[in-house]
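Below you'll find the structure, written out as structure tokens, and then a few comments.
Numbering (the working numbering), first residue to last: 60 to 185.
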């Protein structure tokens, strides 16, 4: 897979078969001198290892029992979400990057932590 470029020399010819300046030919009648080739997409699983906790099929990770996440990166021991550094947040991660924990914790309409889980009619934490 990958992409490549195919190049060829294109010359303008008169009706008598002589090579003439390209400016004398209509650009719409001249073939292209450069074309893309080898445009078949790469196998999407070639670059995915599913964190070693799953198997990639048709570009999607199928996780082993207990693991979850797009790359099977969340272990069974983590009931919430993972931070980029791999530590577990046992709740949800707010837009400011902090862990919003608690049995009733949710994110409000602004993406802020609402530990109480009680939102007003506009979706803002009370």
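A virtual CB, placed ideally from N, CA and C, is assigned to each residue, including glycine. Note that the structure is predicted; figures quoted are calculated from it, not measured.
Check: Three or more C-beta pairs closer than 8 Å, one from the segment 123–136 and one from the segment 88–104: is that the case here?; Outcome: no
Check: Taking only heavy atoms of the ligand HEM into account, decide whether any of them is closer than 8 Å to the Cβ of residue 97.; Outcome: Ligands displayed in this structure: none; no statement on the ligand HEM is therefore possible.
Check: For residue 102, which option in 86, 113 and 119 has the closest C-alpha, if you only look at C-alpha atoms?; Outcome: 119
Check: Just the C-alpha distance for residue 157 and residue 117, rounded to the nearest angstrom, thanks.; Outcome: 34 Å
Check: Enumerated in chain order, which unbroken segments of the beta strand (DSSP E) with a length of 3 residues or greater are wholly contained in the segment 75–132?; Outcome: 93–96, 113–116 and 119–122
Check: Could you please give me the residues that DSSP links to residue 183 through a beta bridge?; Outcome: Its beta-bridge partners do not exist; DSSP assigns none.
Check: Grab me the residues of residue 133's own chain with a C-beta within less than 6 Å of its C-beta, minus the 5 sequence neighbours each way, in chain order.; Outcome: 127 and 141
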